[in-house]
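Residue numbers (full-length UniProt numbering): 1 to 486.
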C-alpha cells in the first residue's frame, strides 16, 4: 500500500495557476449543464426522432448513471489519485456527448445519454475534491463560493442554451457544445495538474458494494420515474416492486459495506455529526433547487407563452441570486471560519421566497416574479458552497474525495426524488384545472402548488438539520487538513 498522502491544502504553485482553477470550474460547469440543457430541447427532439413515450428517459438515463458513479469516482480517486480518474471521466463524457449529437432515434439517444452520464459522474465530485487538495482553508471558502456560483450558472444557463440551440441551429448542438470545452479541459489538466498518489493503492476496490449499490439506486429511480406514467399509482407493480427491491438491496448494501476492506461509502463517516447532518441538508435542499430550475421555465412557456429561449432569460434573477448567495457565503466563511449561521440564513430565505410563489398566476407581474426568484436564489446559494466546506473539513484527508462525492450523490438523489413527487403533483393539478380554467391557467396553478410545496418542505427539513450542526469554527491542525471544533 502506498504511504503517499493526498497533498494537504497548502499554498502550491498549482493552486495559484489560473488555468488550473479554470479547468476545475469548467469540469463542474459541464457536469451541471448537461442536467438541464436538454429540457428545453426535448419537444423538438421527440418531433424529429419520435418515441414520445420515452420522453422522460432522455433525462432519467443521464441522471441515473451519473448519480450511480459519483461515489464510485470519489472512492477510486482517494485510492488512485484525482488526475487519472478525472481524465477518464472527461473522456467518457465527451464520447457520450458526440454520440448523442449523431443519434438517429430515441433508443440510441437514451443509450448514449447513459454513457455520457457514466463520465459526468466524475466531473463534479472530483472538481470539489481538487479545491480541498490544492487550496488552504483561508482561501478554500472563497473558491468554494466561486464553485457554487458556477454551479448556479450552469443550472440556469442550461435551459437557456438548450432553447437557443434549438431555436437558432439544432438540438444536436446541445451535445456538440461539450466537445471543444472538454478537449480544452483535458489539455489543461494533463499539462498543469500534478499527480498526487492516492492512499490504499494496493487495496482491492469494493466491486460487490459497487454492484449492489448500482442496482439498488437504479431500481429506486426506475420506480420513481414510473410513478404517474400510464396512470400508475404508488401501489402499481411498475412502481412498487422496484422501490421494494431497492429497499432490500440498500439493506444488503449496508451489510456489504460494513464488511468491506475499502467500502465505496465508508459507513463510519456517518458517525461524524457534521458529515451526516450536512448530507441530510444536501438531500433536502435539492428539493428547492429543482423546484425553480425545472418548473419555472415550464410556467413561462406554458402559461405566459414565451419561447424556449425567452423562458431561459426570464429565470435569470434566480441564477443571479444563487451566484450572489454562493459567492457571499464563500467570502463570509473565509472571513469568519464559520459556516453554520450562513447555511441557516439560506434555508430561511428559501422558505420565505418559495411561499411567495403560492400566489402566482398567468398574469403575475414580471417584476414581482423577478424579486421572488432572486430571494429564492439568495437562499439556495449558501447550500451550494457552504455545505461543501462543512463536509470537507469534517472528515480526515483520505476521505475528502469520497465525502465530496457523497455530498453530490445525496443532492442528486434528493433532486430525483423531488422531481418524481413534484411531477405527480403537477400532473394532478393539470388534470383537475385544465378542463375548467384552460391549459395556461392550469400550468400556473400547478406552479403555485409545486414550487411552494417542494421548496418549503425541503427547506424546513434542511433547516432542522442545519440547526443541529456543531457551532464551532473551522480549525486547521498540523496533522490533518482540518477538523470541526465543537
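Backbone N, C-alpha and C define an ideal beta-carbon position, used for all residues, glycine too. A quick note: this is a predicted structure, and the numbers were derived from the prediction, not measured.
With the cut-off set at 8 Å, would you say residue i and residue j are in Cβ contact?
{"i": "residue 312", "j": "residue 40", "result": "yes"}
{"i": "residue 126", "j": "residue 89", "result": "yes"}
{"i": "residue 129", "j": "residue 401", "result": "yes"}
{"i": "residue 32", "j": "residue 170", "result": "no"}
{"i": "residue 444", "j": "residue 360", "result": "yes"}
{"i": "residue 260", "j": "residue 354", "result": "no"}
{"i": "residue 284", "j": "residue 150", "result": "no"}
{"i": "residue 146", "j": "residue 330", "result": "yes"}
{"i": "residue 386", "j": "residue 321", "result": "no"}
{"i": "residue 272", "j": "residue 464", "result": "no"}
{"i": "residue 163", "j": "residue 307", "result": "yes"}
{"i": "residue 373", "j": "residue 317", "result": "yes"}
{"i": "residue 416", "j": "residue 42", "result": "no"}
{"i": "residue 279", "j": "residue 74", "result": "no"}
{"i": "residue 179", "j": "residue 97", "result": "yes"}
{"i": "residue 357", "j": "residue 448", "result": "yes"}
{"i": "residue 216", "j": "residue 258", "result": "no"}
At the level of alpha carbons, what is the spacing between residue i and residue j?
{"i": "residue 388", "j": "residue 375", "result": "21 Å"}
{"i": "residue 252", "j": "residue 233", "result": "27 Å"}
{"i": "residue 466", "j": "residue 459", "result": "10 Å"}
{"i": "residue 340", "j": "residue 471", "result": "6 Å"}
{"i": "residue 282", "j": "residue 390", "result": "11 Å"}
{"i": "residue 397", "j": "residue 206", "result": "20 Å"}
{"i": "residue 452", "j": "residue 319", "result": "18 Å"}
{"i": "residue 110", "j": "residue 332", "result": "42 Å"}
{"i": "residue 20", "j": "residue 421", "result": "39 Å"}
{"i": "residue 172", "j": "residue 337", "result": "45 Å"}
{"i": "residue 99", "j": "residue 115", "result": "9 Å"}
{"i": "residue 275", "j": "residue 368", "result": "37 Å"}
{"i": "residue 183", "j": "residue 92", "result": "12 Å"}
What did DSSP end up calling residue i once you bin it into helix, strand or coil?
{"i": "residue 181", "result": "helix"}
{"i": "residue 391", "result": "helix"}
{"i": "residue 429", "result": "helix"}
{"i": "residue 262", "result": "coil"}
{"i": "residue 85", "result": "helix"}
{"i": "residue 13", "result": "Residue confidence is low: residue 13 scores 49 on pLDDT, short of 50, so the model does not pin down where it sits. Its coordinate-derived value is still stated next. The answer is helix: DSSP assigns residue 13 an H, G or I state."}
{"i": "residue 383", "result": "helix"}
{"i": "residue 488", "result": "Limits of the chain in this structure are 1 at one end and 486 at the other, which puts residue 488 out of reach."}
{"i": "residue 155", "result": "helix"}
{"i": "residue 69", "result": "helix"}
{"i": "residue 299", "result": "helix"}
Here's the rule: buried if 16 or more other CB atoms are within 10 angstroms of the residue's CB, otherwise exposed. What is residue i?
{"i": "residue 469", "result": "buried"}
{"i": "residue 80", "result": "buried"}
{"i": "residue 268", "result": "exposed"}
{"i": "residue 439", "result": "exposed"}
{"i": "residue 366", "result": "exposed"}
{"i": "residue 15", "result": "The predicted model places residue 15 with a pLDDT of 45, which falls under 50 and marks its position as unreliable, so this point remains unresolved."}
{"i": "residue 105", "result": "exposed"}
{"i": "residue 239", "result": "buried"}
{"i": "residue 481", "result": "In this prediction, residue 481 scores a pLDDT of 40, lower than 50, which makes its location untrustworthy; the coordinate-derived value is nonetheless stated afterwards. Per the 10 Å Cβ criterion, buried."}
{"i": "residue 536", "result": "In the structure as shown, the chain starts at 1 and stops at 486, and residue 536 therefore has no counterpart that could be examined."}
{"i": "residue 335", "result": "exposed"}
{"i": "residue 84", "result": "exposed"}
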